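In the numbering used here, the protein residues as written are 234 to 457. Backbone N, C-alpha and C define an ideal beta-carbon position, used for all residues, glycine too. Everything numeric in this text was worked out from a predicted model, so none of it was measured. Some notes on the structure that comes next.
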């Protein structure tokens with residue numbers, strides 16, 4: 234099994250782009266542990282949005298959405314996989330840099346008073362995820378990246394169903410970030426805007442040409 238996996242990776246070296254998540258998670262956790270917010274993000278619209286624990290479902294749906302989209306394009310479309318990685322990982326990196334230079338946080342979280350399963354899950358989320366490093370929203374920027382790449386892909390067997398489901402899931406994920414008070418509306422807007430800018434860069438520049446000049450240029454190729 235290991236030999237087959239190693240052989241497949243040699244044939245598809247761009248799969249190693251997924252190793253980005255290792256330094257990303259390490260750096261993010263360091264920020265979570267040591268960054269002290271100097272800027273509190275808030276806008277009046279945040280106060281009008283009610284909290285509801287039911288939105289933990291789409292909030293956590295982000296994780297399988299991330300895995301399934303990257304996995305699908307990894308096996309079905311090299312170009313779309315690499316474009317998704319470029320947009321998503323560049324966005325994540327920019328967000329981490331912003332969190333480092335402009336450490337920010339929230340003061341929006343309510344007391345979770347209802348006693349049901351979803352409320353308890355929301356309470357657990359609050360306990361393990363500090364209200365820091367929020368603007369722009371990585372949750373939103375990566376979700377919008379997935380939505381864009383899925384919408385432009387033309388080879389789904391049931392395109393209308395897949396694209397419609399992805400669109401609804403993506404909107405629900407973005408809404409969940411503000412309903413659960415994990416993010417301000419400002420975070421959501423800037424997260425989405427960041428991805429739109431990166432998509433424009435992706436479409437209007439030959440970004441691969443620049444990366445091919447770097448030491449890890451082989452990740453962009455496939456063995457001939």
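- In this structure, 413 is the residue among 413, 432 and 429 with its C-alpha nearest to the C-alpha of residue 286.
- Under DSSP, residue 337 shares a beta bridge with 272.
- Taking all protein chains shown into account, residue 298 has 16 or more neighbouring C-beta atoms within 10 Å of its C-beta and is therefore buried.
- Here the alpha carbon of residue 429 sits roughly 8 Å from the alpha carbon of residue 377.
- With a cut-off of 8 Å on Cβ pairs, the segment 387 to 402 is not in contact with the segment 325 to 345, counting fewer than three such pairs.
- The three-state secondary structure of residue 365, taken from DSSP, is strand.
- Restricting attention to 387, 404 and 359, the CA atom closest to the CA of residue 375 is found in 404.
- Between the segment 264 to 271 and the segment 348 to 366 there are three or more inter-stretch CB-CB distances shorter than 8 Å, so the stretches are counted as touching.
- Collapsing the DSSP output to three states places residue 259 in a helix.
- Rounded to the nearest angstrom, the Cβ distance from residue 421 to residue 410 is 6 Å, consistent with a contact under 8 Å.
- One thing to note: residue 318 has its Cβ no nearer than 8 Å to the Cβ of residue 369.
- In this structure, the alpha-carbon of residue 314 lies about 30 Å from that of residue 417.
- C-alpha of residue 357 to C-alpha of residue 290: approximately 13 Å in a straight line.
- Residue burial annotation: residue 280 is exposed, with fewer than 16 other C-beta atoms found within 10 angstroms of its C-beta.
- In the structure shown, residue 357 falls within a helical segment according to DSSP collapsed to helix, strand and coil.
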